[in-house]
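Chains as they are written, first to last, in numbering that gives the first Met the number 0: chain A, 0 to 130; chain B, 0 to 130.
Each residue gets a CB set at the ideal place from its N, CA and C atoms; glycine is no exception.
Protein chains: 2
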Amino acid sequence: MNKSKLGDLLSSLKFNDQGLIPAIAQDSVKNDVLMMAWMNKESIEETFATGRVCYWSRSRQNLWKKGETSGQHQELVDFLIDCDRDTVLVKVKQHGVACHTGRRSCFYLSVSENGDTTETMSVEIDPKDLY
Amino acid sequence: MNKSKLGDLLSSLKFNDQGLIPAIAQDSVKNDVLMMAWMNKESIEETFATGRVCYWSRSRQNLWKKGETSGQHQELVDFLIDCDRDTVLVKVKQHGVACHTGRRSCFYLSVSENGDTTETMSVEIDPKDLY
C-alpha cells in the first residue's frame, strides 16, 4: 500500500484518546475468534507492510509483532473495518496458537447461566515452549 | 444467576477506567463476527437476567438493550471471557441484522493490500424500517 492510500486509511479510522483502536483476530478458516488486542497507526502500517499482524502492547508500550518471540504468528488474510470505523477485524491464518496460555484462542472460559465458569479448550502447546 | 455468583463474575472481570469492558458479538451458527460494543456491570447483569444481550451505549450513556427499538435483538447462546479477563465474547442468535446500516454485520468494509476499500455485504433491511 502506498503512503497516500495508507494515510487515507489511517485518517479515516477513529482512534481513541490514546491513539488506539480495538482489533479482533478471527481465524480465516475455522472462523473462531482468537483474541482481541489494540492497534495504533504504526502497527497497522507494519501489518500491511509485512502481511503479518502487528498490535500495540499497552503493557509494554511498544509494537507487538505477534509471534516474533513465540513463533505463533498471524498471517493477514483480510482487514475489515466496521460501520463506525472505530474497530478492526483481522481475518488471519493463525500459525500455532493465539493465546499465551498455549490454547488456540484466548476465549476459552465459558460462563454458564448459573454463573459457573468452565474451560472449553485444552492447552495445545506448553507455555514454557512458547516464551 | 444468583447475586453471589454474579458478584464473583463481575469482580473477576477487568473493566477499564470508565467501568467498561469490550464485548464482541459472534453469530453462534454462522460464526461471523457481528459487532463490537461495550458492557458495564449493569449490562452484564441485564444480559444474564434476560438472556438477551445488553450493552452500554457510550454515546447515549445508558443501557443499550440491543434490538429494543429496532427489533433486531441478540439471544445469548454463550458468554465467554478471555485469558486476561478484560474482553467478553458473546455468541448469539442474531434476530435480523446486527448493523444499524441494515447489514448483517458491522464489519462489511474490507481494505485490500493496495488500500482500496470495498463493501462485502449488501443492505438486507432498509435502515428506515429499523429506526
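Membership of Asp125(A) in any alpha helix (DSSP H) is not indicated, and neither H nor E is assigned to it by DSSP. For Val32(B), the chain A residues whose C-beta falls within less than 7 Å of its own C-beta are Ile23, Gln25, Val32, Leu88, listed in chain order. In the three-state reduction of the DSSP assignment, Phe47(A) falls in the helix class. Closest in C-alpha terms to Asp31(A), from the list Gln17(B), Gln25(B), Phe14(B), Met35(B), comes Gln25(B). In this structure, DSSP gives Leu33(B) an extended state, which the three-state scheme calls strand.
In the DSSP assignment, Ser104(B) falls outside any alpha helix (DSSP H) and carries neither an H nor an E.
With a beta-carbon spacing of about 7 Å, His94(A) and Gly66(A) fall inside the 8 Å limit used to define contacts. Boundaries of the beta strand (DSSP E) harbouring Leu88(B): 87-93, taken from the DSSP string. Residue range 2-11 is occupied by the alpha helix (DSSP H) that includes Leu8(A), with no beta strand (DSSP E) assigned at that position.
Less than 8 Å divides the Cβ of Arg84(A) from the Cβ of Lys13(A). Taking 8 Å as the cut-off, the Cβ atoms of Val28(A) and Val89(A) do not count as close.
Using a Cβ-Cβ cut-off of 9 Å, Phe14(A) is close to nothing in chain B; its nearest Cβ partner there is about 15 Å away.
Shown in chain order are the members of the region 57-78 of chain B whose Cβ falls below 7 Å from a Cβ of chain A: Asp77, Phe78. Residues of chain A whose Cβ lies closer than 9 Å to the Cβ of Asn113(B) are, in chain order, Met0, Asn1, Lys4. The three-state reading of DSSP puts Glu74(B) in strand, counting E and B together. A Cβ of chain B is located within less than 8 Å of the beta carbon of Thr100(A). Burial check for Asp81(A): the Cβ neighbour count within 10 Å reaches 16 or more, so the residue is buried. Per DSSP, Glu118(B) is one residue of the beta strand (DSSP E) stretching across 116-118.
Interface annotation, Ser42(B): not in contact with chain A, CB-CB separation never under 8 Å.
Among the bridge pairs identified by DSSP, Ser109(A) is matched with Thr117(A), Leu79(B).
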